[in-house]
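Participant: Can you read through this structure? Questions will come right after.
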Amino acid sequence: MLRIFLYFLMLLLILFLSLNLLLITLKKAPKKIKIFTEIIISLIIIETISLIILTLISKQINVIYFKNLVFLRFIYIPLMIWNCFYIFWRNFKVNFNFSYVIMAVIWTIYIIILKITDTKINLSEVIGYSISLNNQLIMDLIYIGILVFLLLVCKINFNKNYINKIGMNYTMGTIMIIIFEMILKILKVEIFPYSLIGTVVVLWLSIYSYDSFKKNN
164 MLRIFLYFLM LLLILFLSLN LLLITLKKAP KKIKIFTEII ISLIIIETIS
214 LIILTLISKQ INVIYFKNLV FLRFIYIPLM IWNCFYIFWR NFKVNFNFSY
264 VIMAVIWTIY IIILKITDTK INLSEVIGYS ISLNNQLIMD LIYIGILVFL
314 LLVCKINFNK NYINKIGMNY TMGTIMIIIF EMILKILKVE IFPYSLIGTV
364 VVLWLSIYSY DSFKKNN
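Under my numbering, the first residue of the sequence shown is numbered 164, with each subsequent residue one higher.
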């Protein structure tokens with residue numbers, strides 16, 4: 164009972180933080196970042212609502228419709244980290260439109276993996292149905308590889324004169340927390356079937372980074 168309570172509490176917290184980030188984005192974020200962030204928030208909300216629905220579904224045949232929706236964190240978490248890095252990086256010589264190229268690449272990897280991988284449906288007495296991939300380890304390792312790359316990018320640029328070092332430290336700390344959570348998941352040390360802590364910490368990081376913007380007049 165405690166586990167299901169914590170599970171729903173985490174999902175509701177994610178929804179709350181997502182809506183909070185959306186409000187901050189609409190008020191403060193520059194136009195070039197606003198659309199990018201709205202896409203990311205949409206993915207978070209879609210995934211979170213899908214996870215809630217999965218706990219309520221009674222027929223297994225309906226679970227398969229959520230296959231493409233419950234792994235969206237593999238897209239939005241790297242994109243959110245990149246977004247925060249860009250804000251703290253303060254290198255405006257790099258066009259933000261490059262972020263959409265990164266988004267397209269990650270989307271492509273995500274679609275390819277889901278197309279070539281079979282889905283496995285699991286039933287838990289606590290949280291209902293959950294979905295995993297037969298090659299889940301491969302997807303997890305690719306995800307960790309992307310996070311390690313982002314961590315190295317942060318580290319390489321850390322000593323630039325114009326950089327926000329406090330924000331960059333928070334970004335690197337967030338990445339390490341997410342990597343640690345994923346390693347525990349691979350080792351089968353997990354509370355929930357999905358990695359929710361990573362979503363919470365990266366939402367907090369995004370709210371912190373967006374709060375650094377002046378109000379959009």
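Glycine residues also receive a C-beta, built at the ideal position from the N, C-alpha and C atoms. No experiment lies behind these values; they were computed from the predicted model shown.
1. Ile349 to Phe312, Cα distance in whole Å?
2. How about Ile326 and Trp252: are their beta carbons less than 8 Å apart?
3. Going by DSSP in three states, Ile275 sits in which element: helix, strand or coil?
4. Would DSSP call Leu350 helix, strand or coil?
5. Measure the CB-CB distance between Val363 and Ile240 and report whether it falls below 8 Å.
6. With DSSP run on the structure shown, which of helix, strand or coil describes Ile294?
7. What are the partner residues of Lys381, as DSSP defines its beta bridges?
8. Is the CB-CB distance between Met229 and Ser213 below 8 Å?
9. Report back the beta-carbon spacing between Thr280 and Leu304 to the nearest angstrom; my notes put them in contact at under 8 Å.
10. Using the Cα positions of Met164 and Phe171, report the straight-line distance between them to the nearest angstrom.
11. Is the beta carbon of Gly291 closer than 8 Å to that of Leu235?
12. Look at the alpha carbon of Val233 and the alpha carbon of Phe376, and state the distance between them as a whole number of angstroms.
13. Taking only three categories from DSSP, how would you classify Ser262?
14. Rounded to the nearest angstrom, what separates Ile269 and Leu277 at their Cα positions?
Facilitator: For this structure:
1. If you number the sequence shown from 1, residue 349 lands on position 186. If you number the sequence shown from 1, residue 312 lands on position 149. The straight-line gap from Cα to Cα measures roughly 19 Å.
2. Taking the sequence shown and counting its residues from 1, the one referred to as residue 326 is at position 163. Taking the sequence shown and counting its residues from 1, the one referred to as residue 252 is at position 89. Taking 8 Å as the Cβ cut-off, Ile326 and Trp252 qualify as a contacting pair.
3. Translated into the one-based positions of the sequence shown, residue 275 becomes position 112. Correct three-state label for Ile275: helix.
4. Reading the sequence shown from its first residue, position 187 is the one you call residue 350. If DSSP states are grouped into helix, strand and coil, Leu350 belongs with coil.
5. For the purposes of this step, residue 363 is taken as the residue at position 200 of the sequence shown. For the purposes of this step, residue 240 is taken as the residue at position 77 of the sequence shown. No, Cβ-Cβ distance for Val363 and Ile240 is not below 8 Å.
6. Counted from its first residue, the sequence shown places residue 294 at position 131. Ile294 falls in the strand class under three-state DSSP.
7. In this structure the chain extends from 164 to 380, so residue 381 is not present and cannot be described.
8. For the purposes of this step, residue 229 is taken as the residue at position 66 of the sequence shown. For the purposes of this step, residue 213 is taken as the residue at position 50 of the sequence shown. It is worth fixing the name first, because residue 229 is Phe in this sequence and not Met. Yes, the pair counts as a contact, with Cβ atoms nearer than the cut-off.
9. Your numbering for residue 280 matches position 117 in the sequence shown. Your numbering for residue 304 matches position 141 in the sequence shown. Contact flag wrong, Cβ pair sits at about 13 Å.
10. Sequence index remark: in the sequence shown, residue 164 carries index 1 (1-based). Sequence index remark: in the sequence shown, residue 171 carries index 8 (1-based). Rounded to the nearest angstrom, the two C-alpha atoms are 11 Å apart.
11. Counted from its first residue, the sequence shown places residue 235 at position 72. Counted from its first residue, the sequence shown places residue 291 at position 128. No; because the gap between Cβ atoms is not below 8 Å, this pair is not in contact.
12. To locate residue 233, count along the sequence shown from 1; it is residue 70. To locate residue 376, count along the sequence shown from 1; it is residue 213. Roughly 31 Å between the two C-alpha positions.
13. Mapped onto the sequence shown, residue 262 falls at position 99. Here Ser262 sits in helix by DSSP.
14. Within the sequence shown, residue 269 is the residue found at index 106, counting from 1. Within the sequence shown, residue 277 is the residue found at index 114, counting from 1. Going by the C-alpha atoms only, they are around 12 Å apart.
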